[in-house]
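Chains as they are written, first to last, in our numbering: chain U, 4 to 135; chain P, 4 to 135; chain L, 4 to 135; chain G, 4 to 135; chain D, 4 to 135; chain F, 4 to 135.
First comes the structure, then the notes that go with it.
There are 6 protein chains.
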Amino acid sequence: MNKDLFDRGMKTRREVLGDAYVDASLAQASEFSMEMQELVTQYCWGDVWNRPGLERASRSLINLSMLSALNRSHELATHVRGAVRNGVTRDEIKEVFLQTAIYCGVPAGIESFRVANAVFAQMDAEAAEQEG
Amino acid sequence: MNKDLFDRGMKTRREVLGDAYVDASLAQASEFSMEMQELVTQYCWGDVWNRPGLERASRSLINLSMLSALNRSHELATHVRGAVRNGVTRDEIKEVFLQTAIYCGVPAGIESFRVANAVFAQMDAEAAEQEG
Amino acid sequence: MNKDLFDRGMKTRREVLGDAYVDASLAQASEFSMEMQELVTQYCWGDVWNRPGLERASRSLINLSMLSALNRSHELATHVRGAVRNGVTRDEIKEVFLQTAIYCGVPAGIESFRVANAVFAQMDAEAAEQEG
Amino acid sequence: MNKDLFDRGMKTRREVLGDAYVDASLAQASEFSMEMQELVTQYCWGDVWNRPGLERASRSLINLSMLSALNRSHELATHVRGAVRNGVTRDEIKEVFLQTAIYCGVPAGIESFRVANAVFAQMDAEAAEQEG
Amino acid sequence: MNKDLFDRGMKTRREVLGDAYVDASLAQASEFSMEMQELVTQYCWGDVWNRPGLERASRSLINLSMLSALNRSHELATHVRGAVRNGVTRDEIKEVFLQTAIYCGVPAGIESFRVANAVFAQMDAEAAEQEG
Amino acid sequence: MNKDLFDRGMKTRREVLGDAYVDASLAQASEFSMEMQELVTQYCWGDVWNRPGLERASRSLINLSMLSALNRSHELATHVRGAVRNGVTRDEIKEVFLQTAIYCGVPAGIESFRVANAVFAQMDAEAAEQEG
Numbered sequence: 004m005n006k007d008l009f010d011r012g013m014k015t016r017r018e019v020l021g022d023a024y025v026d027a028s029l030a031q032a033s034e035f036s037m038e039m040q041e042l043v044t045q046y047c048w049g050d051v052w053n054r055p056g057l058e059r060a061s062r063s064l065i066n067l068s069m070l071s072a073l074n075r076s077h078e079l080a081t082h083v084r085g086a087v088r089n090g091v092t093r094d095e096i097k098e099v100f101l102q103t104a105i106y107c108g109v110p111a112g113i114e115s116f117r118v119a120n121a122v123f124a125q126m127d128a129e130a131a132e133q134e135g
Numbered sequence: 004m005n006k007d008l009f010d011r012g013m014k015t016r017r018e019v020l021g022d023a024y025v026d027a028s029l030a031q032a033s034e035f036s037m038e039m040q041e042l043v044t045q046y047c048w049g050d051v052w053n054r055p056g057l058e059r060a061s062r063s064l065i066n067l068s069m070l071s072a073l074n075r076s077h078e079l080a081t082h083v084r085g086a087v088r089n090g091v092t093r094d095e096i097k098e099v100f101l102q103t104a105i106y107c108g109v110p111a112g113i114e115s116f117r118v119a120n121a122v123f124a125q126m127d128a129e130a131a132e133q134e135g
Numbered sequence: 004m005n006k007d008l009f010d011r012g013m014k015t016r017r018e019v020l021g022d023a024y025v026d027a028s029l030a031q032a033s034e035f036s037m038e039m040q041e042l043v044t045q046y047c048w049g050d051v052w053n054r055p056g057l058e059r060a061s062r063s064l065i066n067l068s069m070l071s072a073l074n075r076s077h078e079l080a081t082h083v084r085g086a087v088r089n090g091v092t093r094d095e096i097k098e099v100f101l102q103t104a105i106y107c108g109v110p111a112g113i114e115s116f117r118v119a120n121a122v123f124a125q126m127d128a129e130a131a132e133q134e135g
Numbered sequence: 004m005n006k007d008l009f010d011r012g013m014k015t016r017r018e019v020l021g022d023a024y025v026d027a028s029l030a031q032a033s034e035f036s037m038e039m040q041e042l043v044t045q046y047c048w049g050d051v052w053n054r055p056g057l058e059r060a061s062r063s064l065i066n067l068s069m070l071s072a073l074n075r076s077h078e079l080a081t082h083v084r085g086a087v088r089n090g091v092t093r094d095e096i097k098e099v100f101l102q103t104a105i106y107c108g109v110p111a112g113i114e115s116f117r118v119a120n121a122v123f124a125q126m127d128a129e130a131a132e133q134e135g
Numbered sequence: 004m005n006k007d008l009f010d011r012g013m014k015t016r017r018e019v020l021g022d023a024y025v026d027a028s029l030a031q032a033s034e035f036s037m038e039m040q041e042l043v044t045q046y047c048w049g050d051v052w053n054r055p056g057l058e059r060a061s062r063s064l065i066n067l068s069m070l071s072a073l074n075r076s077h078e079l080a081t082h083v084r085g086a087v088r089n090g091v092t093r094d095e096i097k098e099v100f101l102q103t104a105i106y107c108g109v110p111a112g113i114e115s116f117r118v119a120n121a122v123f124a125q126m127d128a129e130a131a132e133q134e135g
Numbered sequence: 004m005n006k007d008l009f010d011r012g013m014k015t016r017r018e019v020l021g022d023a024y025v026d027a028s029l030a031q032a033s034e035f036s037m038e039m040q041e042l043v044t045q046y047c048w049g050d051v052w053n054r055p056g057l058e059r060a061s062r063s064l065i066n067l068s069m070l071s072a073l074n075r076s077h078e079l080a081t082h083v084r085g086a087v088r089n090g091v092t093r094d095e096i097k098e099v100f101l102q103t104a105i106y107c108g109v110p111a112g113i114e115s116f117r118v119a120n121a122v123f124a125q126m127d128a129e130a131a132e133q134e135g
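The following block contains the structure:
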């Protein structure tokens, strides 16, 4: 493992997905999945997400559309949350998924709206709790 | 058919893909495929591409990532060209496809680079011809 | 939004999926997903499902096979129910999914049978309740 | 190999795809691919295509939609031709692919129209040759 | 149905997936899904899984990679268990899914590790129970 | 870029795919695609293909099944050749694609046999030329 690349990746991953999410993800990691955590943190977060050629909000738009096309709802939920942290508005997320409905088909659009609706409801509940 | 929506769609389609491409596409359209042309021009171009919530360059980024994920190389070539017309740089297109390689897998990334390389070579040849 | 197309689409959607399903779907629709509801109701239900060129039972067969191939089990369940409402028999649905197993692979076939089994069990329970 | 199932499959395959296509397919079959020919002829043509629960025209509609969703254009061309032999009209094929555009996305619809256009052009050329 | 092929398939299926799994699967089979059980047992288990050209451990590696690529997590769980029964080690399964992450994309890799983690936890619990 | 990882990757890539293929691939690489070459050589070849946990012949089996499932015929051809270099026999490749036909569907199997047939014909022609 390249320790330096891993550390840079972990920093970016925490900035995009939040400490709560990353801590939970690491806590769940078994010995079996530890090398997968290392691979993803280095190549995905340390390398590609840290490249300067596109701003993070744009990378979030790209991820939302790929995950919707690939039918990977679990990761999609994670990146809806990441998109908001990267400054993408809920209205912009809506635009991505309307475009998804046209290019990937109506079922992909419907599923993506369902996922985003659930994430937003959870985020609103968390915000209400913190305020309360 | 909704004539007004079709006309707005045709205008946007020509702006994004260029008159040469759209004229060729319409010239090829058989009686068999004419209603498909109408459906796409209305719903895809007249509606979604005309929505104000995202700028066209961002919609191009989204399309490149979806088409790469969906393995639709023919449409991908069309939208590489459209992305350039929408102000996306070649370097930004490179970033999209590096991210594709990580999220959709290396074969998707390789194929997308192959498609973009061919489009850029053709665009360069056209530019050289016009200058010559 | 094209109000006329939307209204025609809503009528067809209710005929195919039933009032109970559509009412629940609309009740769940957040402000975030309202435009998606409009897009789907117009283009999918108002336009394509209302075209006279194929009868609804045939459109249901087509949908079952596409949703099985696309691995979209949530929508597949909705359209298993819609297929029955459109006059497709359970035996015909079985034939679709056996063909799916050959052309989309055994895992697609197994998943589609699982989805249909669950829908039929629910429909039988509803029928028993109404009779009871 | 089950010789009886193979023979029934070969008969059905010839009825649906035509002698010219099947003869060419067998002539091309190398020693390497012979067992694949046997597998397909038995299970796909001998079993599923021979089941009485759905008529062949309906099986063709199902195949066109699955192959469009699966992005398998080579097989799609084969089954466009098979669909016509099974009595599906060109207008009905158009309806399938318009529905595909909505459920599998616009790029799937565009590709399927492109494939069908090419098959119809070839069929028209063959018909003109025979008449000439 | 070919009774002999079905019987050979059932034997192989029980050897690979275990009696507990197969008994549960048959107990759940409704009249609706019985012919699907027959199709899968004959062609998948009776024919392909019984071919001598590849040993079962290799066939398990192939299945894990296909099911990961196809995004079929339910079947993937079944075949993680089957792979272990066929002598594939947990470390080898880890290698398959790291390779999946590179070729099918990071979300496919993450999902496959999640599925395998859950299966291993369940297997460990069952082993503890038996020892207890 | 990690020069050491790149160099190890290039060595493995040359061993698996052959100098002729890799030289051609690098000669074609434009400035646009150079960073993609670096990403693939490092993470795919330098890391995963060099991991000791599975032998190369097994990694080839896995790749053939994933590429078949993902419908990436261009890369599939490259890895059919690589599989042979890794000691996989043509008969074993046949077994992989028969299993593909069952799990990914008949069209995936047919396409994979078509790709392999073309690669083998080319390899035989090259061998004849060298002998000649």
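Cβ atoms here follow ideal geometry from the backbone N, Cα and C, with glycine treated the same way.
Determine, using beta carbons only, whether residue i and residue j come nearer to each other than 8 Å.
{"i": "Leu64/U", "j": "Val99/U", "result": "yes"}
{"i": "Leu73/U", "j": "Ala130/P", "result": "no"}
State the CB to CB distance for the pair residue i and residue j, rounded to an integer number of angstroms; the pair is presumed to be in contact (CB under 8 Å).
{"i": "Glu134/G", "j": "Leu57/L", "result": "Actually they are not in contact, since the Cβ atoms of Glu134/G and Leu57/L sit about 31 Å apart, beyond 8 Å."}
{"i": "Leu8/F", "j": "Thr81/F", "result": "Not confirmed; about 21 Å, so no contact."}
{"i": "Phe35/F", "j": "Asn120/P", "result": "6 Å"}
Could you check the C-alpha separation between residue i and residue j for me, to the nearest Å?
{"i": "Val91/P", "j": "Ala32/F", "result": "22 Å"}
{"i": "Asn66/F", "j": "Ser68/D", "result": "8 Å"}
{"i": "Glu132/L", "j": "Ala124/L", "result": "12 Å"}
{"i": "Ala60/L", "j": "Cys47/P", "result": "27 Å"}
{"i": "Tyr106/L", "j": "Arg62/U", "result": "36 Å"}
{"i": "Ser115/U", "j": "Val122/D", "result": "27 Å"}
{"i": "Ser28/D", "j": "Gln45/D", "result": "15 Å"}
{"i": "Pro55/G", "j": "Lys97/L", "result": "12 Å"}
{"i": "Met126/U", "j": "Arg117/U", "result": "14 Å"}
{"i": "Ala30/F", "j": "Arg17/F", "result": "14 Å"}
{"i": "Ala128/U", "j": "Leu101/D", "result": "36 Å"}
{"i": "Asn89/D", "j": "Arg93/P", "result": "49 Å"}
For residue i, tell me which candidate among the options has the shortest Cα-Cα distance.
{"i": "Asp50/D", "options": "Leu101/G, Asn5/G, Gly49/G", "result": "Asn5/G"}
{"i": "Thr103/G", "options": "Ala119/P, Asp127/P, Val43/P", "result": "Val43/P"}
- Message: Three Cβ pairs or more, each shorter than 8 Å: is that satisfied between the stretch 96-113 of chain P and the stretch 13-24 of chain L?
- Response: no
- Counting Cβ pairs closer than 8 Å, one from the stretch 67-79 of chain D and one from the stretch 36-45 of chain D, do we hit at least three? In short, these stretches do not touch, since the Cβ pair count stays below three.
- Query: Does the stretch 81-89 of chain P come close enough to the stretch 18-25 of chain P that 3 or more CB-CB pairs lie under 8 Å?
  - Reply: Because the criterion of three Cβ pairs below 8 Å is met, the stretch 18-25 of chain P and the stretch 81-89 of chain P touch.
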